[in-house]
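In the working numbering, the protein residues as written are 3 to 660.
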Amino acid sequence: MPDLHNKPALSKHVWVVYGISIILLVALWYFQWIIGLIMTIVLAASFYYSIRTEQILLDEAEEYISTISHRVKKVGEEALLEMPFGIILFNDEFQIEWSNPYMNQFSEDRETLVGRSLHLLSEDLIPMIKENKEEVWVELAGYTFLTVIKKEEKLLYFMDRTDQEALKQRYHNEQTVLAIIFLDNYEEITQNMDDTAKSKLNSQVTTILNNWSSHYGLYLKRTSQERFLAVGTKKILQQLEKVKFDILDEVREMEGVENNPVTLSVGIGVGNMTLPELGEVAQSSLDLALGRGGDQVAIKDEQGKVRFYGGKTNPMEKRTRVRARVISHALKELVKASDNVMIMGHKSPDMDSIGAAIGVMNIAKTNGVPGYIVFDENDMETSVNRMMETIRSDEGLWDNFIDLEEAEERITQRSLLVIVDTHKPSMVGFESLLNKTEYKIVIDHHRRAEEFIDNPTLVYMEPYASSTAELVTELLEYQPKGTKLKMLEATALLAGIIVDTKSFTLRTGSRTFDAASYLRAQGADTVLVQRFLKEDLELYIERSQIIERSEIIHGHIAIAKAPEGISYSPVLIAQTADTLLTMTGISASFVISERFDGKIGISARSLGDVNVQVVMEKMNGGGHLTNAATQIDDTTIEEAAADLIEIIDEYEEGRASE
3 MPDLHNKPAL SKHVWVVYGI SIILLVALWY FQWIIGLIMT IVLAASFYYS IRTEQILLDE
63 AEEYISTISH RVKKVGEEAL LEMPFGIILF NDEFQIEWSN PYMNQFSEDR ETLVGRSLHL
123 LSEDLIPMIK ENKEEVWVEL AGYTFLTVIK KEEKLLYFMD RTDQEALKQR YHNEQTVLAI
183 IFLDNYEEIT QNMDDTAKSK LNSQVTTILN NWSSHYGLYL KRTSQERFLA VGTKKILQQL
243 EKVKFDILDE VREMEGVENN PVTLSVGIGV GNMTLPELGE VAQSSLDLAL GRGGDQVAIK
303 DEQGKVRFYG GKTNPMEKRT RVRARVISHA LKELVKASDN VMIMGHKSPD MDSIGAAIGV
363 MNIAKTNGVP GYIVFDENDM ETSVNRMMET IRSDEGLWDN FIDLEEAEER ITQRSLLVIV
423 DTHKPSMVGF ESLLNKTEYK IVIDHHRRAE EFIDNPTLVY MEPYASSTAE LVTELLEYQP
483 KGTKLKMLEA TALLAGIIVD TKSFTLRTGS RTFDAASYLR AQGADTVLVQ RFLKEDLELY
543 IERSQIIERS EIIHGHIAIA KAPEGISYSP VLIAQTADTL LTMTGISASF VISERFDGKI
603 GISARSLGDV NVQVVMEKMN GGGHLTNAAT QIDDTTIEEA AADLIEIIDE YEEGRASE
């Protein structure tokens with residue numbers, strides 16, 4: 003078959019041949035006109051044949067091209083109409099001017115979309131076109147489409163990606179999830195049980211957890227008396243999150259242990275990681291849940307983001323002092339191996355922070371190692387002024403207080419840095435010191451937050467404790483006997499306990515009184531503590547003015563907004579929240595005010611019925627179930643109050659649905 007893609011034409015060499023032939027023909031006519039005539043006739047016939055053949059080929063080429071054009075046009079029309087994806091043309095008013103038949107299945111009458119608004123297909127389309135987006139995902143009648151936007155041509159392509167999304171969702175849902183389940187207080191509950199009671203308890207717990215795992219399709223294996231390993235998928239995890247891990251409540255309300263309920267802590271690792279990495283993340287999550295007091299679930303993904311569920315109960319006080327004795331011994335060894343001990347609390351230290359720091363300084367002194375408390379006199383709450391004035395009068399004690407400049411001169415790589423009453427790097431008094439030494443110890447009584455000091459050598463965090471001063475007092479009891487606490491040192495520790503327990507009324511266990519008794523035996527002066535705690539009349543009036551502006555929501559939650567334009571100290575707003583809690587019918591209180599650093603501060607208190615820690619964590623704060631706070635940048639009191647009320651509404655709705 004001839005090549006008809008291009009129009010045929012006589013080749014150049016043919017024209018050359020005809021040219022030469024004409025020249026020769028002229029010569030023949032000159033010498034032999036008869037032969038010239040004959041050759042002229044022959045040449046004319048040949049030329050006619052060539053021209054005729056060329057014309058035939060031209061006609062065939064035109065016919066071929068016409069046929070191909072018709073077929074291409076027909077195929078194009080059929081493809082446009084029959085393609086398995088949608089095409090839409092729209093006008094300036096975002097109304098559909100034309101659509102291929104594929105899109106008609108998404109019209110109400112299944113006939114045509116012409117004349118209707120793009121809004122009918124998806125509420126996202128018009129805003130995305132206006133924002134000059136090139137692609138957008140839309141859902142139509144159960145199908146998932148990748149929509150390509152050609153704004154200049156006013157053209158939309160709808161590519162069906164339903165199967166792709168289903169596969170993606172399946173991959174997402176079937177990602178492996180590892181969970182480590184720990185019985186928080188198993189050892190304390192079973193230590194006085196006989197074998198029969200212990201066996202019954204084990205059987206009850208195992209049955210409840212087996213039924214729970216079977217219901218949701220988890221693989222569960224008991225790895226020790228107090229620990230289980232569960233393996234599941236992301237889809238199962240989503241189901242568990244929907245019911246807010248009600249297994250916590252089921253185990254806590256187990257029959258036969260009403261007076262001393264069993265509680266669970268669960269650490270979960272989830273994300274696109276290897277199994278060993280998932281295991282490490284799950285253990286890290288469990289440590290976080292236990293550090294926050296237990297009876298809760300901590301879920302951590304590959305980005306390090308953490309979600310919490312539970313935490314409805316106050317941490318149960320430990321009944322044995324084994325951990326305190328072990329930590330005290332480890333602390334003694336670390337102190338002895340160090341050049342010196344640097345102690346610092348949180349910014350704007352309170353009596354608990356200062357008292358605990360003095361206690362640790364005494365531990366260093368007992369072991370023959372210099373101890374220094376890093377302190378900023380310009381960053382001090384008014385509530386500790388009287389205590390610090392008394393400390394200044396005791397030269398032997400005051401000499402151990404140093405500023406940041408002196409601390410940086412004294413600290414070495416072999417120094418021991420002890421952080422008390424906080425575990426957040428952003429909250430410590432001098433964050434720059436954290437990188438000056440390899441050895442760091444954290445002693446704190448707050449529930450563990452996501453933010454934590456990097457690579458601590460030793461961590462002693464017990465959320466059950468009333469105060470850090472209580473923890474340090476117990477550590478002191480197991481230090482070498484010899485150097486007795488000074489009266490002022492013991493009084494500072496006792497003041498820390500009294501302040502954090504609101505004079506032994508909140509978060510107070512038997513060990514709190516044991517610690518107070520030990521300090522009293524060491525010479526702590528309760529009258530001096532009361533002098534430390536005295537407040538000015540002006541502060542009392544300011545607190546009353548804030549209380550006067552309180553409002554009650556949900557019938558039992560008080561919210562007080564301080565006047566705008568006036569800055570208050572965190573201690574004052576905390577005292578105001580405490581005072582509100584003493585009012586009849588109030589189970590939780592929140593006080594909002596401007597701070598001296600320009601932020602908006604919220605102090606939250608509760609009698610235990612409302613978990614203020616959960617509320618404050620949603621506002622980037624934290625604390626305890628009954629005592630929490632937060633500080634917010636770039637907002638106003640009214641905006642902070644509106645956000646707080648919205649979070650409380652969600653919290654109350656969640657409780658009502660449980």
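Every residue, glycine too, gets a C-beta built ideally from N, C-alpha and C.
DSSP beta-bridge partners of residue i
| i | result |
| --- | --- |
| Arg607 | Ser591, Asn629 |
| Met161 | Leu148 |
| Glu141 | Thr146 |
| Glu224 | The sequence given here places Arg at residue 224; Glu does not occur at that position. Phe230, per the DSSP bridge assignment. |
| Thr178 | Thr235 |
| Tyr374 | Met344 |
| Val422 | Ile445 |
| Gly88 | Phe160 |
| Ser569 | Glu596 |
| Ile183 | Phe230, Val268 |
| Ser119 | Gln97 |
| Ile404 | Val376 |
| Gly623 | The partner list for Gly623 (beta bridge, DSSP) is empty, contrary to what the question assumes. |
| Ile602 | Glu596, Ile634 |
The beta strand (DSSP E) enclosing residue i, as first and last residue numbers
| i | result |
| --- | --- |
| Glu553 | 552 to 555 |
| Leu231 | 229 to 235 |
| Ala562 | 559 to 563 |
| Gln298 | 298 to 302 |
| Glu99 | 98 to 101 |
Check: residue i C-beta below 7 Å from any heavy atom of the ligand ADP
| i | result |
| --- | --- |
| Ile53 | Inclusion of the ligand ADP in the displayed structure is not the case, the ligand content being empty and no account of it being possible. |
8 Å contact criterion, which residue i and residue j should meet: CB distance rounded
| i | j | result |
| --- | --- | --- |
| Gly682 | Val179 | In this structure the chain extends from 3 to 660, so residue 682 is not present and cannot be described. |
| Ile634 | Ile602 | 5 Å |
| Ala562 | Leu582 | 6 Å |
| Arg513 | His626 | Their Cβ separation, rounded to whole angstroms, is 17 Å, which puts Arg513 and His626 out of contact at 8 Å. |
| Met105 | Leu115 | 6 Å |
| Arg294 | Pro465 | 6 Å |
| Ser712 | Glu596 | As shown, the chain starts at 3 and ends at 660. That puts residue 712 outside it, with no answer to give. |
| Arg607 | Thr637 | The Cβ separation is near 21 Å, so there is no contact. |
| Asp186 | Asp297 | 6 Å |
| Phe184 | Leu250 | Not really, about 12 Å apart at Cβ, beyond 8 Å. |
| Leu460 | Ala332 | 6 Å |
| Gln97 | Ser119 | 6 Å |
| Arg30 | Leu45 | Before going further, note that residue 30 is Leu rather than Arg in the sequence given. At roughly 10 Å, the Cβ-Cβ gap does not stay under 8 Å, so Leu30 and Leu45 are not in contact. |
| Gly271 | Lys302 | 6 Å |
Start and end residues, alpha helix (DSSP H) containing residue i
| i | result |
| --- | --- |
| Ala271 | Note on identity: in this sequence residue 271 is Gly, with Ala being the wrong assignment. Here Gly271 belongs to no alpha helix (DSSP H); instead the beta strand (DSSP E) covers 266 to 272. |
| Lys202 | 197 to 218 |
| Gly498 | 489 to 502 |
| Ser428 | Counting along the chain, Ser428 falls outside any alpha helix (DSSP H), and DSSP gives it neither H nor E. |
| Ser505 | It is not in any alpha helix (DSSP H) - Ser505 carries neither H nor E in the DSSP assignment. |
| Phe515 | 512 to 523 |
| Val531 | 528 to 535 |
| Asp251 | 249 to 254 |
| Glu155 | Per DSSP, Glu155 belongs to no alpha helix (DSSP H) and is neither H nor E. |
| Glu391 | 387 to 394 |
| Lys132 | 127 to 132 |
| Ile191 | 188 to 192 |
Please list the segments of the alpha helix (DSSP H) lying wholly inside the segment 305 to 364, counting only runs of 4 or more residues, in order along the chain. 324 to 338
Validate contact between the segment 450 to 460 and the segment 475 to 486 using beta carbons, cut 8 Å, 3 pairs: no
Specify whether the segment 219 to 231 and the segment 160 to 168 touch according to this definition: at least 3 beta carbon pairs, one from each stretch, less than 8 Å apart. no
I'd like the ranges of any beta strand (DSSP E) spanning at least 3 consecutive residues and lying wholly in the segment 439 to 483. The segment 439 to 483 is shown to contain whole beta strand (DSSP E) runs of 3 or more residues at 441 to 446, 460 to 463, in chain order.
Contact between the segment 326 to 343 and the segment 391 to 401: three or more CB pairs below 8 Å? no
Kindly confirm or deny that the segment 145 to 155 and the segment 197 to 204 touch, where touching means at least three C-beta pairs closer than 8 Å. no
Tell me, please, whether the segment 575 to 583 touches the segment 545 to 558 by the rule of three or more beta-carbon pairs shorter than 8 Å. yes
Cβ contact (3+ pairs, closer than 8 Å) linking the segment 440 to 451 and the segment 605 to 614: no
Meets three-Cβ-pair contact criterion under 8 Å: the segment 148 to 155 and the segment 225 to 240: In this structure the segment 148 to 155 does not touch the segment 225 to 240; the number of beta carbon pairs closer than 8 Å is below three.
Between the segment 466 to 474 and the segment 347 to 359, are three or more C-beta pairs nearer than 8 Å? yes
Does the segment 510 to 524 come into contact with the segment 375 to 384, if we say contact requires no fewer than three beta-carbon pairs (one atom in each stretch) closer than 8 Å? no
Any contact between the segment 536 to 545 and the segment 494 to 505? By contact I mean 3 or more CB pairs, one from each, below 8 Å. When Cβ pairs closer than 8 Å are counted between the two stretches, the segment 536 to 545 is seen not to touch the segment 494 to 505, the count staying below three.
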